[in-house]
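Peer 1:
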Amino acid sequence: MKFTPVKVNFFNLFKLPLAFFGGVRVKSITDNEVVVTIKHRWLNQNPFKSMFWAAQGMAAEMPTGILVMKAIYDSKRKVSMLVTHQEADFYKKATGRVTFSCKGGNEIREAIQKSIATKEGQQILLTAEGINEDGVVVSTFKFQWSLKVKN
105 MKFTPVKVNF
115 FNLFKLPLAF
125 FGGVRVKSIT
135 DNEVVVTIKH
145 RWLNQNPFKS
155 MFWAAQGMAA
165 EMPTGILVMK
175 AIYDSKRKVS
185 MLVTHQEADF
195 YKKATGRVTF
205 SCKGGNEIRE
215 AIQKSIATKE
225 GQQILLTAEG
235 INEDGVVVST
245 FKFQWSLKVK
255 N
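Residue numbers (the working numbering): 105 to 255.
1. Report buried or exposed for PRO167, applying the criterion of at least 16 other Cβ atoms within 10 angstroms of its Cβ.
2. In the DSSP assignment, find the unbroken beta strand (DSSP E) run with LYS196 in it and report its ends.
3. Should THR203 go down as buried or exposed, given a rule of 16 or more other Cβ atoms within 10 Å for buried?
4. Fully enclosed by the segment 114 to 162, which beta strand (DSSP E) runs are 3 residues long or longer?
5. Any idea if ILE220 is buried or exposed, counting beta-carbon neighbours within 10 angstroms, 16 or more meaning buried?
6. Nearest to GLY126 by alpha carbon, out of GLN248, THR134, ARG201?
7. Span of the alpha helix (DSSP H) holding ARG213?
8. For ALA159, which residues of its own chain have a beta-carbon under 7 Å away from its beta-carbon, when the five flanking residues on both sides are left out?
9. Which term fits SER205, buried or exposed, when burial requires 16 or more other beta carbons within 10 angstroms of its beta carbon?
10. Out of GLY225, THR108, VAL139, TYR177, state which residue places its alpha-carbon closest to the alpha-carbon of ALA163.
11. What is the residue span of the beta strand (DSSP E) that THR231 lies within?
12. Closer than 6 Å by C-beta to ASN116: which residues in its own chain qualify, once you throw out the five before and the five after it? Chain order, please.
13. Between which residues of its own chain and ARG213 is the CB-CB distance below 7 Å, once the five residues before and five after are set aside?
14. Within 8 Å: the Cβ of PHE247 and any heavy atom of the ligand ZN?
15. Pick helix, strand or coil for VAL110, following the three-state DSSP scheme.
So this is what it looks like as structure tokens:
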């Protein structure tokens, strides 16, 4: 599958409907960065009239996961991928449109190559920062991915 925002958003409709109907949308994909947005609305809000932390988590995990999937696809190898740890920090109420981006394509490709060479799993830490429409960081999510090339 060629990784384009339209194809990934369509994929989400059928395979990740909670993310799709919660408003998560992929805006851009390159080899090194993926940008995803989510808009605060009734469906993803908490009782305090801001975006529920889990909705932010879905939007934050998506750019990291797409980068991993794209690097795996480009490697033409079978690689297992799994989130093994996650941390988040929240700085401000998330309202309006929040943009999450992750830049980590090079580190992912290096981890895959190291797994090929050593035949061992590799851990990589990817960060997605959520920025509101005013340019203020509202949250930061860190996802530790485990990558292992299959025989």
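The beta carbon of each residue, even a glycine, is placed where N, CA and C say it ideally should be.
Note that this is a predicted model, so its numbers are computed, not measured.
Peer 2: Judging by the given coordinates:
1. As a working mapping, residue 167 is identified with position 63 in the sequence shown. By the 10 Å Cβ count, PRO167 comes out buried.
2. In the sequence shown, counting from the first residue as 1, residue 196 sits at position 92. That residue, LYS196, is in no beta strand (DSSP E); it is neither H nor E in DSSP.
3. Position 99 of the sequence shown holds residue 203. Classification of THR203: buried, given that the 10 Å Cβ count is 16 or more.
4. 129 to 133, 137 to 143
5. Here residue 220 refers to the residue found at position 116 when the sequence shown is read from its first residue. Exposed, by the Cβ-count rule.
6. Residue numbering aside, residue 126 sits at position 22 when the sequence shown is read from its first letter. Closest by alpha carbon: ARG201.
7. Start at 1 with the first residue of the sequence shown, and residue 213 comes out as number 109. 209 to 222 is the extent of the alpha helix (DSSP H) around ARG213.
8. Position 55 of the sequence shown, counting from 1, holds the residue named residue 159. The answer, listed in chain order, is GLY126, ILE142, ASN148.
9. Taking the sequence shown and counting its residues from 1, one reaches residue 205 at position 101. Buried is the label assigned to SER205, since at least 16 other Cβ atoms lie within 10 Å of its Cβ.
10. Locating residue 163 in the sequence shown gives position 59, where the first residue counts as 1. Closest by alpha carbon: VAL139.
11. The count along the sequence shown starts at 1 and reaches residue 231 at position 127. Here the beta strand (DSSP E) through THR231 covers 226 to 235.
12. Within the sequence shown, numbered from 1, the residue matching residue 116 stands at position 12. ALA123, PHE124.
13. Looking up residue 213 in the sequence shown gives position 109. Non-local C-beta neighbours of ARG213 in its own chain, meaning closer than 7 Å and more than five positions away in sequence, comprise ALA175, ordered along the chain.
14. Although the ligand ZN was asked about, the structure shown includes no ligands whatsoever.
15. Start at 1 with the first residue of the sequence shown, and residue 110 comes out as number 6. Correct three-state label for VAL110: helix.
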